[in-house]
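Peer 1:
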Amino acid sequence: MPGKPWTRNNSILKTLLLIGSAWLWAASAAAAPSDESGEKPLLEALDGEIAPGSLLMGQTRPEATVRLDGRRLRVTPEGHFVFGFGRDAEGLVGLSLKLDEREESHVFRLRERDWPVQKIEGVPQRTVDPPTGETLKRIRRETAAVQAARARESDLRHFLNSFRWPLYGPITGVYGSQRVYNGEPGRPHYGVDIARPAGTPVRAPNAGEVVLAHPNMFYSGGTLIIDHGYGVTSTFIHLKNLKVEKGDKVRKGEVVATVGSSGRATGAHLDWRINWYQTRINPQTLVGDMIKRYRSANNTEGE
Ligand SMILES: [Zn+2]
87 MPGKPWTRNN SILKTLLLIG SAWLWAASAA AAPSDESGEK PLLEALDGEI
137 APGSLLMGQT RPEATVRLDG RRLRVTPEGH FVFGFGRDAE GLVGLSLKLD
187 EREESHVFRL RERDWPVQKI EGVPQRTVDP PTGETLKRIR RETAAVQAAR
237 ARESDLRHFL NSFRWPLYGP ITGVYGSQRV YNGEPGRPHY GVDIARPAGT
287 PVRAPNAGEV VLAHPNMFYS GGTLIIDHGY GVTSTFIHLK NLKVEKGDKV
337 RKGEVVATVG SSGRATGAHL DWRINWYQTR INPQTLVGDM IKRYRSANNT
387 EGE
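Sequential numbering of the sequence shown, starting at 87, is according to this note's numbering.
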């Protein structure tokens, strides 16, 4: 990995050190003065908050090279790119863009976040005790399959379109919370939980291709992963029935599964996750307010 790319200052655009949100930054970028030659900045736009759990989308020239902390990001034929920050991301991040002889560096400070603790009682004890033997082998196999699905490189560009809730209902678990299962501290929660009766349809939050469809994984039960392109995937877990198979192309709003309580769950609910490769994103940052929509949609079978 090369050194810190953002430490190489350039004469075209001074390095920006922004303490605050990307919204503010995006506004200032739009208003940023052109350099002497009258050229636009390479970073034409950046949408999303500079914060843990956030997914950001940028716009540059299609031929530009973009790196996040030295990691090269893929750029679409229209010049879009996407990246995200995990729950525990902190400190400074650097975004560098290069096109021919031009080079631009931007440094951002991630907003700090605290996460709530959520105690969960009554999950099957076998899913809380440390796994051994065949169970451990099974878990490792399943984890590898999930990681491979999230690592997929595709040219789909559905992530550029708006996301919708996969269903509407009361939110009973949020991204980032520290979980305590039957009194044992567990891993943080990475999805948004929506409680609905078993059998309620789950709809694709955006168009994509099914890259994993498993009827019953140890922790996550019925599990579905949809690729929206450029590393952005949706994961749905604890499903009852899967309505699609690996390789299926799905439209936004298409029914892909039904709500269940399979795996490590205490009751019927949908756990929806968004990933940027192996980084977990907060799905709630991509969709609007649930409560208003739930109220207006409550009489129409969760839609
Ligand atoms: Zn959950």
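Glycine residues also receive a C-beta, built at the ideal position from the N, C-alpha and C atoms.
Predicted model, so just to flag it, every value in this text is computed and none were measured.
#1: Can you check the segment 296 to 338 for any beta strand (DSSP E) of at least 3 residues that lies completely inside it and give the ranges in chain order?
#2: Using beta-carbon positions only, say whether G285 and H324 come within less than 7 Å of one another.
#3: Comparing alpha-carbon positions, which option in T258, S240 and S306 lies nearest I225?
#4: Given this structure, state the Cα-to-Cα distance separating W201 from I280, to the nearest angstrom.
#5: Is L185 helix, strand or coil by DSSP?
#6: Indicate the three-state DSSP secondary structure (helix, strand or coil) for I136 in the structure shown.
#7: So is the beta-carbon of G277 under 6 Å away from any non-hydrogen atom of ligand 1?
#8: Which ranges does the alpha helix (DSSP H) cover as unbroken runs of at least 4 residues, wholly within the segment 196 to 242, from first to last along the chain?
#9: Helix, strand or coil for F171, going by three-state DSSP, please let me know.
#10: Give me the residue from S191, E187, P301 and D174 with the minimum Cα distance to L181.
#11: Report all residues from its chain with a CB closer than 6 Å to the CB of D357; omit the five preceding and five following residues, and keep chain order.
#12: Return helix, strand or coil for T258, following the three-state DSSP convention.
#13: In the DSSP assignment, what are the bridge partners of P271?
#14: F169 and T221 look like a contact to me (Cβ under 8 Å); what is the Cβ gap, rounded to whole Å?
#15: Using the beta-carbon count (16 or more within 10 Å), is V203 buried or exposed?
#16: With 16 as the cutoff for other CB atoms within 10 Å, does D313 come out buried or exposed?
#17: Return helix, strand or coil for L110, following the three-state DSSP convention.
#18: Does DSSP put L253 in a helix, a strand or coil?
#19: Measuring from the CB of G259, is there a heavy atom of ligand 2 at a distance below 6 Å?
#20: When you compare each of V232, L372, T352 and V152 to R188 by their alpha carbons, which one comes out closest?
#21: Within the present structure, is the beta-carbon of D357 separated from the nearest heavy atom of ligand 1 by less than 6 Å?
#22: Which partner residues of L154 appear in the DSSP bridge assignment?
#23: From I257 to D375, what does the alpha carbon distance come to, in whole angstroms?
#24: For P252, which residues in the same chain have their Cβ closer than 6 Å to its Cβ, ignoring the five residues on either side in sequence?
#25: Would a C-beta distance cut-off of 7 Å place L246 and H166 closer than the cut-off?
#26: Quick one: Cα of G172 to Cα of E125, how far?
#27: One question on the structure: do L183 and A231 come within less than 7 Å of each other, judged by their Cβ atoms?
#28: Can you check which of these residues, M143, R282, A131 and V296, is closest to T344 by C-alpha distance?
Peer 2: Concretely, from the data shown:
#1: Counting only runs of 3 or more, we get 307 to 315 and 318 to 328.
#2: Between G285 and H324, the CB-CB gap reaches or exceeds 7 Å.
#3: Here the closest residue by C-alpha is S306.
#4: If I take the Cα positions, the gap works out to 19 Å.
#5: DSSP places L185 in strand when its eight states are reduced to three.
#6: Coil, per DSSP.
#7: For ligand 1, at least one heavy atom lies less than 6 Å from the Cβ of G277.
#8: List check, alpha helix (DSSP H) in window: 219 to 236.
#9: Correct three-state label for F171: coil.
#10: Closest option to L181, judged by alpha-carbon separation, among S191, E187, P301 and D174: S191.
#11: Closer than 6 Å at the Cβ level, and outside the excluded window around D357, lie G277, D279, I323 and H324.
#12: In the structure shown, T258 sits in a strand (DSSP, three-state: E or B).
#13: The partner list for P271 (beta bridge, DSSP) reads V266.
#14: A Cβ-Cβ separation of about 35 Å leaves F169 out of contact with T221 under the 8 Å criterion.
#15: Exposed: under 16 other Cβ atoms inside 10 Å.
#16: Burial call: buried.
#17: Legend: pLDDT at L110 = 41, less than 50; position of this residue unreliable, no value from coordinates given.
#18: Reduced to three states, the DSSP call for L253 is coil.
#19: The model depicted lacks ligand 2 and carries ligand 1 instead.
#20: Of the candidates V232, L372, T352 and V152, the one whose C-alpha sits nearest the C-alpha of R188 is V152.
#21: Remark: the C-beta of D357 is in contact range of ligand 1, defined as less than 6 Å to any heavy atom.
#22: R157 and L181, per the DSSP bridge assignment.
#23: When rounded, the distance between both Cα atoms is 11 Å.
#24: Non-local beta-carbon contacts of P252 in its own chain, meaning distances under 6 Å to residues more than five positions away in sequence, involve V288, R289, P291 and W358 in chain order.
#25: In this structure, L246 places its C-beta atom within 7 Å of the C-beta atom of H166.
#26: Looking at the two C-alpha atoms, the distance is approximately 34 Å.
#27: Taking the C-beta atoms as reference points, A231 is found no nearer than 7 Å to L183.
#28: Nearest C-alpha to T344 among M143, R282, A131 and V296: R282.
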